[in-house]
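Number of protein chains: 2
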Amino acid sequence: MPSKANNKNNSSQTERGLRELRSLIIAGHWPAGSKLREVPLAQSLNVSRTPLRSALLKLEQEGLVERAGAGYTVRSFSIEDAYVAIELRGVIEGTAARMAAEKPTQQQDLTSIKEVLVKIDAVIHNDAIDGYAELNDVFHQQLAELAGNDLLKNEIERASLLPFAAPSAFSSSKDDRSRFKTSLIVGQQHHHGLVQAIERGEGARADALAREHAQLGKANIEVAYQEHVGNIRRVPQLALITAELNT
Amino acid sequence: MPSKANNKNNSSQTERGLRELRSLIIAGHWPAGSKLREVPLAQSLNVSRTPLRSALLKLEQEGLVERAGAGYTVRSFSIEDAYVAIELRGVIEGTAARMAAEKPTQQQDLTSIKEVLVKIDAVIHNDAIDGYAELNDVFHQQLAELAGNDLLKNEIERASLLPFAAPSAFSSSKDDRSRFKTSLIVGQQHHHGLVQAIERGEGARADALAREHAQLGKANIEVAYQEHVGNIRRVPQLALITAELNT
DNA sequence: TAACAATATTATGTATACAATTTGGCGTTA
DNA sequence: TAACGCCAAATTGTATACATAATATTGTTA
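In order, the protein sequences belong to chains W and R.
My numbering numbers the first residue of the first sequence as 1 and each following residue consecutively.
My numbering numbers the first residue of the second sequence as 248 and each following residue consecutively.
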């Protein structure tokens, strides 16, 4: 029987538990700092303790939970943490963009990322902004690959893991449609500039554009935060941000 | 009985297995790409499969092993990977230094890092360069804390995990003592400049100095690589670097 | 002889019983 | 009454048996 996907990555207990636990945490199902008890957690997720512990180790690596003596607690994030995470993603993406620009690049290396650019142009032109988030993620993924180094690509993926740090975080806000469309247009301008800079070997420009591009994410989070202050649990990506600073 | 350290972090099976397995891998005990079988590995490390699997998950996070279908293989690194890892550390440390400079800094925040500076000055003046590596690590740790954000501090630590990426990698080379001492003197100049830049709020300078400081690591690795080409297994930090590019 | 498929073997994935440690509470004592 | 230490309960750490999936091998067929 031709089962396309290998079992390990999709339907294993570890993977199921990881996915469900991750989305529960991101959704703010537990207040920051909550202790996660293995036995009741395993029961409610319908897995045994062994795959649950694997999932917890993975989530520790992703930064969503942290050890506290024995066992794990849900990690708490301050709004400053969110800014720092976005800043870091921008800095690392900038490094990748610079390295991509500084190495000899063939025309064919840029064909697929240019196709994504065209698609995003169309999405914005048609006001079909629902499809934007996915295409934006693809663009950033392609960008990460242009430097031609797996280690760097992995670090970019890692820097995009936290829910408020991802390139497409907050890209579906419906509160202020005109501000949001402006953000899309400016962001796409950054995208075009990035590809052009890489094509021309302009490393410093590519770096600067990637960093400035990440600033859009900060602006988005800031708006979302100001609009929902005192009620941030309503915003999916802000659910696990506590108003106070964490120690 | 006053056991100072908590058991979990030092004498647990997981921790023991992790430490031993890590040092075996770093020492190049297995050729890159080797499959790590759980049962024989567990036997040779005198732990059961459960803590071994925890250790493997941790090592995957550290980047030393990677999944390959079922189970893990020893990750292979190219010399370019080493350069990228150092570059990344420099970039992230640079971001931390910049943020430290850009935030209001009290005099007292800098007292402990300045003490480290004085100690390193003494070590270099006395030619007691054996103590340099440890003090250098402390300096970089203090630097990571000056930005005042745990998330950033964690990322710096992470970027310093790979054996060739650590701040003090190659800092005990005995092949070319005079070149090495030059490297120390220049590096310490960077250290002084970094603290001064942070003190004066010169963010761009702090960033640039941290990046340039990391370049010393690249230079060291390059020398070690050139000297031992075809025989890199002799150099501890280069043991798991394959001459060829990895796919 | 080469390629495919069935099967046997070996590996990892999972569940659970047990051990060791942590944690909270209670009682005693200064 | 507060603090210390001890004890008990609960929780995580570890080992191992079993289930399931991956891999190698062997036989058959074109």
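Where is the CB? At the ideal position from N, CA and C, for every residue including glycine.
No experiment lies behind these values; they were computed from the predicted model shown.
Looking at residue j and residue i, is the spacing between their C-beta atoms short of 8 Å?
i: W/Leu59; j: W/Leu52; result: no
i: W/Asn195; j: W/Ile113; result: The amino acid at residue 195 of chain W is misidentified as Asn; the sequence shows Val. Yes, the pair counts as a contact, with Cβ atoms nearer than the cut-off.
i: W/Ser168; j: W/Asp137; result: yes
i: R/Ala302; j: R/Thr261; result: yes
i: W/Leu238; j: W/Phe164; result: yes
i: W/Ala96; j: W/Ala147; result: yes
i: W/Ile198; j: W/Ala101; result: yes
i: W/Tyr132; j: W/Val123; result: yes
i: R/Arg269; j: R/Leu311; result: yes
i: W/Leu240; j: W/Gly28; result: yes
i: R/Arg345; j: R/Ala453; result: yes
i: W/Gln61; j: R/Gln308; result: yes
i: W/Lys181; j: W/Ile86; result: no
i: R/Phe513; j: R/His439; result: Since the first and last residues shown for chain R are 248 and 494, residue 513 of chain R lies out of range.
Which class does residue i belong to by DSSP, given the choice of helix, strand or coil?
i: W/Leu36; result: strand
i: W/Ala27; result: coil
i: R/Lys255; result: Annotation note: pLDDT 44 at R/Lys255 (below 50); position unreliable, coordinate value reported separately. R/Lys255 falls in the helix class under three-state DSSP.
i: R/Arg405; result: helix
i: W/Glu15; result: helix
Taking residue i and residue j to be in contact with their CB atoms under 8 Å, please state how far apart those CB atoms are, rounded to whole angstroms.
i: W/Asn220; j: W/Phe170; result: 4 Å
i: R/Val331; j: W/Leu18; result: That belief does not hold up - the Cβ atoms of R/Val331 and W/Leu18 are roughly 28 Å apart, past 8 Å.
i: W/Asn149; j: R/Glu327; result: 6 Å
i: R/Thr489; j: R/Ser295; result: The Cβ separation is near 32 Å, so there is no contact.
Just to confirm the assignment: which complete beta strand (DSSP E) runs, minimum length 3, are found wholly within the segment 301–337 of chain R? 312–314 and 319–321
With contact counted as at least three CB pairs below 8 Å, one residue from each stretch, are the segment 335–354 of chain R and the segment 447–462 of chain R in contact? yes
Should the segment 157–171 of chain W be called in touch with the segment 97–109 of chain W, which here means at least 3 C-beta pairs below 8 Å? no
Would you call the segment 302–321 of chain R in contact with the segment 282–290 of chain R, where contact means no fewer than 3 C-beta pairs closer than 8 Å? yes
List, from N- to C-terminal side, the alpha helix (DSSP H) runs of 4 residues or more that fit wholly inside the segment 168–203 of chain W. 177–200
Hey, which unbroken runs of the alpha helix (DSSP H) at 4 residues or more fall wholly within the segment 337–387 of chain R? 358–372
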